[in-house]
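J.: These protein sequence lines map, in sequence, to chains A and B.
If you're matching positions, the first sequence starts at 249 in our numbering and goes up one per residue.
If you're matching positions, the second sequence starts at 8 in our numbering and goes up one per residue.
For each residue, glycine too, the CB sits at the ideal point set by N, CA and C.
I am attaching a structure below and will ask some questions about it afterwards.
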Amino acid sequence: METLKAIAASPGIAIGPVFLLNAKHIKTIKRKIDKEDVKTEKERFERAVSRVEKQLRKLISELPEEIKEHSNILKSHILMLRDKMVYDKGIGFIEEKRVNAEWALELVLNEIKGLFSRVKDEYIRERLEDIGFVVNKVKAVLAGTETRLDFSSVEEPVIIVARNLSPADTLHISKEKVLGFVTELGSRTSHTAILARSLGIPAVVGLEGVTSRCLSGETMIVDGLKGQVIIEPDEATLSEYRQRQENYLKYRLEVIHNSNLPAETTDGYRIKVMANMELVEEIPIVIQHGAEGVGLFRTEFLYMTSKTLPTEDQLFLAYKEVVERLKPHPVTIRTLDIGGDKLASDLCCEEEINPALGLRAIRFCLHEKGLFRAQLRAILRASVFGDLRLLFPMVSGKGEMIQVKRLLGQIMDELEKEGKDFNRDIKTGIMIEVPTAVLTADILAREADFFSIGTNDLIQYSLAIDRVNEAVCHLYEPLHPGVLRMIKMTVDSGHRENIEVGMCGEMAGEPLYVPILLGMGLDELSMNAMAIPKIKKIIRQSNQEECASFVSELLGLESANQVKDKVVEFFRENYPPDMETTDFLEFDLSLT
Amino acid sequence: MKAEKRVTILNRLGLHARPASRFAQTASTFESDIWVEKDGVSVDGKSILEVLTVSCPSGTEITIRAEGPDAREAVETLTGLVTERFGEID
């Protein structure tokens, strides 16, 4: 049993077998090991061998009657695996030469090759191939090369362990087959984490070295509440976690039960609580968790799942379904926000040195007019089936909005000529996530019907922090005084022009930040659906006026740490003590 | 206890993969240590790889030797396997 701790990325508890997804670059790594690591390495070797043996036995037992004959070959493979020239020698090499298991296997194979080369019988010499096969199978288990191709063959639900999961990888993962995620890279705001949360799959990310510490098939507990991972738990730990899993599910049920109560503060301030979503499959989750609509509907998935671009009709049907099923609730649809860590493989042809600052989102759309046109036409056509709103990402100033509105006007005229129905008064919004958009929010407010603050990118661009870079991600501080000021500035600028200002970044779904966001005077919070019931509960226990004066106090502070201390203190003083035990259940305070 | 017996390999292909596999597998079921000796070279009878490397084409004479509590039984069973051509029709 081994317990590892990293970042809690998606709440919940998963217990099940590991499925190690290999990153392409993992090759046989030859490594000298320290004396004190010999035991662990020998165990690792033994586990890999056992794993292959189990796989072979399983294969034998599953052979259909007509090819049962072939089981002899597989049986001889098991013998080879446990042969003293492979197994005992391998263990011996690890101990004597202080090499890692992979290297020991290489030495084993070389030695056997030497012996076999002296055999005159060609037929027997060919058996070397079988030994190579067996050794490679062990190596594959050690390296976790049960690749993504094999994933389709997985029958029982698994816990995916990988170095990193690209958004495209996660797309192919079905909820029925995946109990949890564990990755070496990533942070709470990386795409995988967001996806895991929206699917309600427990996840732990940023766990360096996890892919070399467990093997496919081993039992793992993923504690997405505490950010803990337990490999090969003992019986006591297992039963403790089964109990915790049950408690958590009970807690979730209770929370959901109360989720439709309004989000109104004790002094009568109403704030809209909406959901972020990207898959049609999430609609039931959105409704069940008491969302008053969708504040952010991400549209990248249809562009990422297929090698070819989706057609206007495909997009139209998808948008129509979402807006119809969520009717009468509003759905805010964000136009294509591709680029940075959300790259679509075939869409962008040029490799960019700095994609986060490159051709993405609205810039990309204005560059690829044909693509943008198809999406806008699809959205407009779907707009008559419910309350659909448009949101443009990554706008950096008025110039882009002028271009967007001109194009939108042209498309409306086109549709009118074609006799196609659409809502000419569709509300258009600007996503505030570039620092210059904050600074010119007063100007931008005259070009839009609403603002939505995208905190993930706003924080990243303001603090110059790449949120997936582990070396600097600790500097990603939502409570940085600069960030707070920008939020305040955006809200005030919007309100002066009588437009609504919402927030759709991860910050909006963080319980601890609720008093700040209420105090800032935001009109709408849009978040992962799972967070809604709890956020609503906190809102119901808040007093907006008190929050507002608390915010004025915060704006006078000088560092993120000072702000954080104050916020935690405020929370402890103003909210019932049960908040701490149950409502912080989802996330570790130290990670905020 | 010690036991040993000399036998001739009768299979057409000799002690190739499948017979070697059966040999080692059967040998492994005994507690005694088991050796296969050919031309003065002795290898572990429980190791399929070692048995393969002694390379015994058809007609080769080998000595099966065992030492341990069930040595006699082991030698008898294993020589039986060899003389019955490992139950194979080739």
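Less than 8 Å between the CB atoms is what I'm expecting for K784 (chain A) and G543 (chain A), so what's the real figure, rounded?
T.: About 14 Å; that fails the 8 Å criterion.
J.: Which partner residues of F429 (chain A) appear in the DSSP bridge assignment?
T.: In DSSP, F429 (chain A) forms a bridge with A:I408 and A:A451.
J.: I'd like to check one pair, V453 (chain A) with T485 (chain A): are the Cβ atoms closer than 8 Å?
T.: Cβ atoms of T485 (chain A) and V453 (chain A): not closer than 8 Å.
J.: Is the distance from the Cβ of G457 (chain A) to the Cβ of S258 (chain A) below 8 Å?
T.: Cβ atoms of G457 (chain A) and S258 (chain A): not closer than 8 Å.
J.: Would you decide whether G677 (chain A) is buried or exposed? Buried here means 16 or more other CB atoms lie within 10 Å of its CB.
T.: Buried, since its Cβ has 16 or more Cβ neighbours within 10 Å.
J.: If we ignore side chains and look at the alpha-carbon of each, how far apart do K280 (chain A) and L773 (chain A) end up?
T.: Spanning the two alpha carbons is a distance of roughly 53 Å.
J.: At a CB distance below 8 Å, what residues from the region 361-382 of chain A approach chain B? Give them in sequence order.
T.: Here the close residues are L363, F364, R366, V367, K368, D369, Y371, I372, R375, D378 and I379.
J.: According to a CB-to-CB cut-off of less than 9 Å, which residues of the region 46-75 of chain B neighbour chain A?
T.: If the cut-off is 9 Å between Cβ atoms, the region 46-75 of chain B has D51, K53, S54, I55, L56, E57, L59, T60, V61, S62, C63 and P64 near chain A.
J.: Is the beta carbon of S446 (chain A) less than 8 Å from the beta carbon of M525 (chain A)?
T.: Against a cut-off of 8 Å, the Cβ pair of M525 (chain A) and S446 (chain A) comes out as a contact.
J.: According to the Cβ coordinates, are V367 (chain A) and K337 (chain A) closer than 8 Å?
T.: No; because the gap between Cβ atoms is not below 8 Å, this pair is not in contact.
J.: Anything in the region 332-346 of chain A with a Cβ closer than 8 Å to a Cβ of chain B? List those residues in chain order, please.
T.: From the region 332-346 of chain A, only K332, M333 and V334 have a Cβ closer than 8 Å to chain B.
J.: So what does DSSP say about Q536 (chain A), is it helix, strand or coil?
T.: Helix at Q536 (chain A).
J.: Under 8 Å, do E494 (chain A) and P265 (chain A) count as touching if we go by C-beta distance?
T.: No.
J.: With 7 Å as the C-beta to C-beta threshold (strictly closer), list the residues of the region 12-38 of chain B near chain A in chain order.
T.: From the region 12-38 of chain B, only L20, G21, H23, A24, R25, S28, A31 and Q32 have a Cβ closer than 7 Å to chain A.
J.: Does any C-beta atom of chain B lie closer than 8 Å to the C-beta of K323 (chain A)?
T.: Taking Cβ atoms only, chain B reaches closer than 8 Å to K323 (chain A), which makes this a yes.
J.: Return the CA-CA distance between E668 (chain A) and I627 (chain A), expressed in angstroms with no decimal places.
T.: Residue identity check: residue 668 (chain A) is Lys in the sequence provided, not Glu. Roughly 12 Å between the two C-alpha positions.
J.: Quick check on DSSP: helix, strand or coil for L397 (chain A)?
T.: Low per-residue confidence applies at L397 (chain A): pLDDT is 39, beneath 50, and the placement is therefore not dependable, though the value from the model is reported in the following sentence. DSSP places L397 (chain A) in helix when its eight states are reduced to three.
J.: Report yes or no: is there a C-beta of chain B within less than 8 Å of the C-beta of L327 (chain A)?
T.: So, interface residue.
J.: Is there contact between the region 325-336 of chain A and the region 497-510 of chain A, where contact requires at least three CB pairs shorter than 8 Å?
T.: Cβ pair count under 8 Å is below three, so no.
J.: Can you list, in chain order, the residues of its chain whose CB lies under 7 Å from that of E38 (chain B), leaving out five sequence neighbours each side?
T.: Same-chain partners within the cutoff: G75, P76 and D77.
J.: Check the Cβ of N320 (chain A) against every Cβ in chain B and list those closer than 9 Å, keeping chain order.
T.: Going along chain B in sequence order, the residues near N320 (chain A) (Cβ under 9 Å) are A24, R25, S28 and R29.
J.: Taking DSSP as the reference, what is the three-state secondary structure of D661 (chain A)?
T.: D661 (chain A) falls in the helix class under three-state DSSP.
J.: Between the C-alpha atoms of S807 (chain A) and P726 (chain A), what's the straight-line distance to the nearest angstrom?
T.: S807 (chain A) and P726 (chain A): Cα-Cα distance of roughly 11 Å.
J.: I need the straight-line Cα distance from V82 (chain B) to R92 (chain B), nearest angstrom please.
T.: Going by the C-alpha atoms only, they are around 15 Å apart.
J.: Let me check understanding here. Comparing Cα to Cα, which of A:E560, A:R582 and A:L639 lies closest to R621 (chain A)?
T.: With distances taken between Cα atoms, R621 (chain A) lies closest to A:E560.
J.: From M8 (chain B) to V406 (chain A), what distance separates their C-alpha atoms?
T.: If you take the alpha carbons of M8 (chain B) and V406 (chain A), they lie about 51 Å apart.
J.: My output table needs one value for D771 (chain A): the three-state DSSP class, helix, strand or coil.
T.: If DSSP states are grouped into helix, strand and coil, D771 (chain A) belongs with coil.
J.: Does I255 (chain A) come out as helix, strand or coil in the three-state DSSP assignment?
T.: In the structure shown, I255 (chain A) sits in a strand (DSSP, three-state: E or B).
J.: Going by Cα to Cα distance, which pick from A:N508, A:L268, A:I277 and A:E512 is closest to N791 (chain A)?
T.: Minimum Cα distance to N791 (chain A) is reached at A:E512.
J.: A27 (chain B) and V58 (chain B): beta carbons closer than 8 Å?
T.: Going by C-beta atoms, A27 (chain B) is nearer than 8 Å to V58 (chain B).
J.: Three or more C-beta pairs closer than 8 Å, one from the region 659-667 of chain A and one from the region 711-721 of chain A: is that the case here?
T.: The region 659-667 of chain A vs the region 711-721 of chain A: no contact.
J.: Measure the C-alpha to C-alpha separation of P578 (chain A) and S460 (chain A) and round it to an integer number of angstroms.
T.: Rounded to the nearest angstrom, the two C-alpha atoms are 46 Å apart.
J.: Taking C-beta to C-beta, are F545 (chain A) and R582 (chain A) nearer than 8 Å?
T.: Yes, the Cβ-Cβ distance between F545 (chain A) and R582 (chain A) is below 8 Å.
J.: According to DSSP, which residues form a beta bridge with P265 (chain A)?
T.: Paired residue(s): A:T467.
J.: Looking at the secondary structure, which residues open and close the beta strand (DSSP E) in which M778 (chain A) lies?
T.: Note, M778 (chain A): premise wrong, no beta strand (DSSP E); not H, not E.
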